[in-house]
Amino acid sequence: MVVWNEKLKAIEEYYEIEFELQIVSEPDELDALYEAIDFVYDGMMLRENCEITLPGNLFEEDFEIEEPVLFEENKIIPLKDRVIQGVVFRPYRSALLPGKVKFAGKSENDIVRIPGCCEYRIVEG
Numbered sequence: 001m002v003v004w005n006e007k008l009k010a011i012e013e014y015y016e017i018e019f020e021l022q023i024v025s026e027p028d029e030l031d032a033l034y035e036a037i038d039f040v041y042d043g044m045m046l047r048e049n050c051e052i053t054l055p056g057n058l059f060e061e062d063f064e065i066e067e068p069v070l071f072e073e074n075k076i077i078p079l080k081d082r083v084i085q086g087v088v089f090r091p092y093r094s095a096l097l098p099g100k101v102k103f104a105g106k107s108e109n110d111i112v113r114i115p116g117c118c119e120y121r122i123v124e125g
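By UniProt numbering, the letter at position 11 of the sequence shown is numbered 11, and the numbering carries on one by one without gaps.
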């Protein structure tokens, strides 16, 4: 398991930035920081960090996703911004992750949930 300081360094390298580290002492702020690091890092690594929902009647049969598939790009993704040491990251594209997708027998009123990955970009900082 990668620890937060290693994830933070990987984020700096990936986004070609250097964080100006600030002291974080409040438990809520620390939890938010760790969560932000996890979400942004998982987005870079194409790991599950969101769930993509689709109407149940989109397909008639189940199918397998073999490799990550770009789902949305440059659209508003309804996830919150993540702030790491004053730098604001916003989700800007999402991908469906490998796995079995079950649509068979679903109706238009059903919702199919698919593991997804949202990648973030810097919008402030």
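Where a beta carbon is used, it is the ideal one built from N, C-alpha and C, also for glycine.
Predicted model only: the values in this text are computed from it and were never measured.
| query | result |
| --- | --- |
| Distance between Ile23 and Leu8 (C-alpha atoms, nearest Å) | 15 Å |
| Rounded Cβ spacing between Ala104 and Asp38 (contact assumed at less than 8 Å) | Actually they do not touch by this definition, with Cβ atoms about 34 Å apart. |
| Neighbour-count burial assignment, Arg113, 16 or more Cβ in a 10 Å radius | exposed |
| Local conformation of Ile114 per DSSP, three classes | strand |
| Whole-angstrom distance between Ile111 and Lys75, CA atom to CA atom | 21 Å |
| Buried/exposed call for Glu108, threshold 16 Cβ in 10 Å | exposed |
| Cβ neighbour criterion (16 or more within 10 Å) applied to Ser94 | buried |
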